[in-house]
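Quick note on numbering: my numbering labels position 41 of the sequence shown as 122, and the sequence is numbered without any gaps. Note that CB positions come from ideal geometry on N, CA and C, so glycine has one too. Note that the coordinates shown come from a computational prediction; the quantities given were computed from them, not determined experimentally.
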Amino acid sequence: VGFMRPEQWLPLVQECRRVLVPGGTLCLIESEWPLTSSPAYERLTALTSQALFQAGRSLSPDGRHFGVTPRLSGFLREAGFQEIQCKAVALDWSLGCELHASSVLNARFAFALLQPFLLTAGLIDEATFGPLYETMLEELESPDFGGLATPLVVSVHTVVSFDFAISILPGWHTTIFPPYFVAGAIY
82 VGFMRPEQWL PLVQECRRVL VPGGTLCLIE SEWPLTSSPA YERLTALTSQ
132 ALFQAGRSLS PDGRHFGVTP RLSGFLREAG FQEIQCKAVA LDWSLGCELH
182 ASSVLNARFA FALLQPFLLT AGLIDEATFG PLYETMLEEL ESPDFGGLAT
232 PLVVSVHTVV SFDFAISILP GWHTTIFPPY FVAGAIY
């Protein structure tokens, strides 16, 4: 999300189909922003979605989200894939949950790195960003903090890859940041 322009998605999926060996599997994992109880986190995600939209790096019709998850299976169909399987997975990163610490770390780094992009987009100024960022960090550690990420796992060709993609394997679910990006597993 964000590193690709909307018009690059279909060629990417078409190229994946081209290089996929017979009997192979393609697994794509994509997500919208997690839902949280942090107003500051929600504000920063909204600003980032809007900045991506303004920069032409969003599939959202209005800039309120990334817009990739509702379009992913359509891209696969258009590229000629059949037997597409979709599964949404819920990842709880509320305070006290296994994913909390790594998710907070991801948010800390992601929004620090996104600051120049947001400032350049003109959606927030530096004097506003700093306090908002610090408030987010405090809210993410609040005793009543709740967070839920719902990556969409889309696989084509074999059921085995689908089972692998959503299974609980050591190290697989130690962070929720990678699902924000397309992950391709080609066998």
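Environment of residue i [buried if 16+ CB atoms lie within 10 Å]
| i | result |
| --- | --- |
| F226 | buried |
| P103 | exposed |
| L194 | exposed |
| P232 | buried |
| Q89 | exposed |
| S223 | exposed |
Span separating the alpha-carbon of residue i from that of residue j
| i | j | result |
| --- | --- | --- |
| L109 | V234 | 6 Å |
| T117 | T126 | 10 Å |
| R99 | L153 | 17 Å |
| E159 | E219 | 44 Å |
| A266 | P115 | With a pLDDT of 36 at A266, under the threshold of 50, the predicted position of this residue should be treated as unreliable, though the coordinate-derived value follows. Using only the alpha carbons, I get a separation of about 23 Å. |
| S183 | E207 | 26 Å |
| F162 | V237 | 7 Å |
| N276 | G177 | Nothing in the structure corresponds to residue 276, since the chain is present only between 82 and 268. |
| E123 | G155 | 28 Å |
| D101 | V149 | With the sequence shown as reference, residue 101 is identified as Leu, and Asp is not the correct amino acid for it. Answer to the nearest angstrom: the Cα atoms are 22 Å apart. |
| S270 | T106 | Look at the range of the chain in this structure, 82 to 268, and you will see that residue 270 is not part of it. |
| S119 | S175 | 11 Å |
| C97 | T209 | 42 Å |
| F198 | I205 | 10 Å |
Beta bridge counterpart(s) of residue i as assigned by DSSP
| i | result |
| --- | --- |
| T117 | G228 |
| E111 | L233 |
Counting Cβ pairs closer than 8 Å, one from the segment 208 to 228 and one from the segment 135 to 152, do we hit at least three? no
Would you call the segment 161 to 169 and the segment 117 to 133 in contact, with 3 or more CB pairs under 8 Å? no
Complete runs of the alpha helix (DSSP H) confined to the segment 123 to 191 [at least 4 residues]: 153 to 159
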